[in-house]
Amino acid sequence: MIIDLKNLTIKKAHEALIKRDYTCVELAQAYLDNIKEKDGEIHAYLEVFSDVLEQAKVADERIKNNDNITLLTGIPVAVKDNILIKGRIASSASKMLENYHATYDATVIKKLKDAGVVFLGRTNMDEFAMGGSTENSAYGVTKNPHDLERVSGGSSGGSAAVVAADMALIALGSDTGGSIRQPASFCGVVGLKPTYGAVSRYGVMAMGSSFDQIGPFAKTVEDAQILFDFIKGWDEKDSTSNPKEKSCPVVKNSDFSTTGVRIGIPKEIAGAEGIDPEIKKNFTENVEKFKKLGYEIQEISLPNISYSLAVYYTLIPAEVSSNMARFDGVRYGLRIDGQNGVDDYFKSKATGFGPEVKRRIILGTYILSSGYYDAYYNKANIVRDLIKNDYKKAFEQVDIIITPTTPGPAFKIGEKINDPLALYLEDIFTVPANLAGIPAISVPCGFKEVNNKKLPLGLQLFANNGLEKYLFDLAKHFEG
Amino acid sequence: MEIKDIEKLAKLARIELTEEEKQTYLKDLGAILNYVDQIKTVVAGVGEERNVGELRNVMRADQGENISGVNTEAIVQEFPTKQGNYLKVKKILEN
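Below you can see the structure in the form of structure tokens.
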């Protein structure tokens, strides 16, 4: 039978699997066929697992025996390459971990295994999640399914592309400064960066520890919500996961009312430089759409928002240089033989790390050095707090804040690779959510047509800490 | 910043850089620092509190998390060099 993957959602697939319209094996095979047909060109997977059909058979047994069936039983999922699945390679798209096999399951993986998902493979990314285009992968760029000359975004570009090209129904990514939302926007899918601490990071490779969150990719807001509900929650193995989540009520499909919901538009956007005029036009149209849906629109002010990128690119290299220090070639990963033990470090890092990782390590080492620590690291943390307070105040006035997800549609492969600062500036709209720790979702909101190619655009919604439900409700209403 | 500064940072970070990489990073760091320098212009109140995350003093019991030995094989498997179940490293003392 032919399964309509393009219009498939978790609930539709679940219903079909339960009614035995098709089996988990047939569903998995449909995705494998699609991967075979498309991924040669797109290059979104670093590895498609060899045991996909065996996993699907186990899920079929579970359904046949009515054994603890969940909404995700038999659902094919792709996983970003920086999340550990026991026994499988997790390379973070780096030569440093080319042959590294994970020795345990990440908490999110354990939860998905318990739910009975089928893991299709591990997706391409910027090396150690550093970048916004997957061009920093040690294994080649992931092309945008909407235009193969353009990037899929990053760092979770592979996860966005597999969902966009129907090479997985849903996928996991990680977001430190926009690494879920920006590729979701570029590829025309939904991507959520949860509240800092909402999802356990046990078993995800750390990049910027005061920023990183794992989150879902899906074609619809509802699917993103379902996946989020499965992976969220407090975990004693992650000291930054939020214990309040223990008592967090399960999100139900409530009747969302537009009455009294206030949407804020930061006035600083209008003055921001380097934004594609089509993005501004599209954003204005979307604001109008919300008005028509009956929401109250208010202008708000985030006075320190213009410092976001400067704060982010001070703190991130500092955290990166600390987190990357563990890759020394001693206990696991690549080891290159030097003259002595210390020389091994120098050579292993020189060979194992790509240019962007080295750049951030060197920059972070500078920022944390004794003479500059106060001027950069400490000052950036102070400004970060000012930005957090801006949001706190704004959320006294409105319930949701909206902005575009990116300043332009997907750019061309190679366009920004020689100018790291230009690439950093791409993160202008996404970074603030990570600085403030608040949740944000990107939803498809139109296209920009360039040379007969329709390039997707994304709209970003922010809510206050722990209020992902607001984002889902409003985004669903917007999605229609 | 000069080449010797990049060399010093690379030494502190234990990374070997090629001459070409040193030149590239000298240029890149200049541009990035020039951009992030704008945070220095922000006037913040004296004694402004710095918060990294909301949670404080997250403790757990002072005991092993795992049952002894269950992960040994998988972890040992990842050692670049080993002898039995031991991680083998180069000697650090001169003869």
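These protein sequences, in sequence, are chains U and B. 183 is the number that the working numbering gives to position 183 of the first sequence; each next residue is one higher, with no gaps. 65 is the number that the working numbering gives to position 65 of the second sequence; each next residue is one higher, with no gaps. We treat Cβ as the ideally placed atom computed from N, Cα and C, and that holds for glycine.
Contact annotation for D28 (chain B) against chain U: R359, P420 [CB-CB distance below 7 Å, chain order]. Approximately 6 Å separates the beta-carbon atoms of I214 (chain U) and L172 (chain U); this is inside 8 Å, confirming the contact. For the 8 Å CB-CB criterion, K80 (chain U) and S174 (chain U) form a contact. For V443 (chain U), the uninterrupted beta strand (DSSP E) run begins and ends at 440 to 450, by DSSP. The three-state reading of DSSP puts R62 (chain U) in helix, counting H, G and I together. The Cβ atoms of F211 (chain U) and V357 (chain U) do not sit closer than 8 Å to each other.
Among the residues of chain U, those whose CB is under 7 Å from the CB of R60 (chain B) are E236, following chain order.
Contact of Y373 (chain U) with chain B is not assigned, every C-beta pair being separated by 8 Å or more. Chain B has no Cβ within less than 8 Å of the Cβ of R201 (chain U). Note that the stretch 62 to 82 of chain U touches the stretch 116 to 125 of chain U; at least 3 beta-carbon pairs, one per stretch, sit closer than 8 Å.
Annotated as proximal: L455 (chain U) and H146 (chain U), with beta-carbon spacing under 8 Å. No Cβ of chain B is located within less than 8 Å of the beta carbon of G274 (chain U).
Assigned with DSSP and collapsed to three states, I83 (chain U) falls in strand.
By the 16-neighbour rule on beta-carbons within 10 angstroms, E299 (chain U) is exposed.
For I362 (chain U), the nearest CB of chain B lies under 8 Å from its own CB, placing it at the interface with that chain. Assigned with DSSP and collapsed to three states, H477 (chain U) falls in helix. Contact check for A475 (chain U) against L461 (chain U) passes: the beta carbons are separated by less than 8 Å. Among the residues of chain U, those whose CB is under 8 Å from the CB of K40 (chain B) are A375, K379, following chain order. DSSP, read as helix, strand or coil, puts G371 (chain U) in coil. The three-state secondary structure of A310 (chain U), taken from DSSP, is helix. The three-state secondary structure of D276 (chain U), taken from DSSP, is coil. Close to chain B, meaning a Cβ-Cβ distance shorter than 8 Å, are the following residues of the stretch 340 to 354 of chain U: N340, G341, V342, D344, Y345, F346, K347, K349, A350, F353. Taken in chain order, the whole beta strand (DSSP E) runs of length 3 or more contained in the stretch 15 to 67 of chain B number zero. Contact of H101 (chain U) with chain B is assigned, a C-beta pair being separated by under 8 Å. For the set U:K393, U:F395, U:Y312, U:Q397, the Cα lying nearest the Cα of K379 (chain U) is the one of U:Y312.
Interface residue (Cβ-Cβ distance to chain B less than 8 Å): I263 (chain U) is not classified as such.
Collapsing the DSSP output to three states places Y470 (chain U) in a helix. Taking the C-beta atoms as reference points, V141 (chain U) is found no nearer than 8 Å to A59 (chain U). Taking the C-beta atoms as reference points, I438 (chain U) is found nearer than 8 Å to N465 (chain U).
The DSSP assignment places complete beta strand (DSSP E) segments of no fewer than 3 residues inside the stretch 69 to 140 of chain U at 76 to 80, 118 to 123, in order along the chain.
In chain B, no part has a C-beta under 9 Å from the C-beta of S322 (chain U); the shortest such distance is about 11 Å. The alpha-carbon separation between I3 (chain U) and A218 (chain U) amounts to approximately 18 Å. If you look at A161 (chain U), you'll find it in the alpha helix (DSSP H) that goes 157 to 164. The CB of S239 (chain U) comes closer than 9 Å to the CB of L55, V58, M59, R60 in chain B, given here in chain order.
If you look at G40 (chain U), you'll find it in the alpha helix (DSSP H) that goes 24 to 42. From the listed residues U:V450, U:H14, U:S306, U:R331, the smallest Cα separation to G274 (chain U) is found for U:S306.
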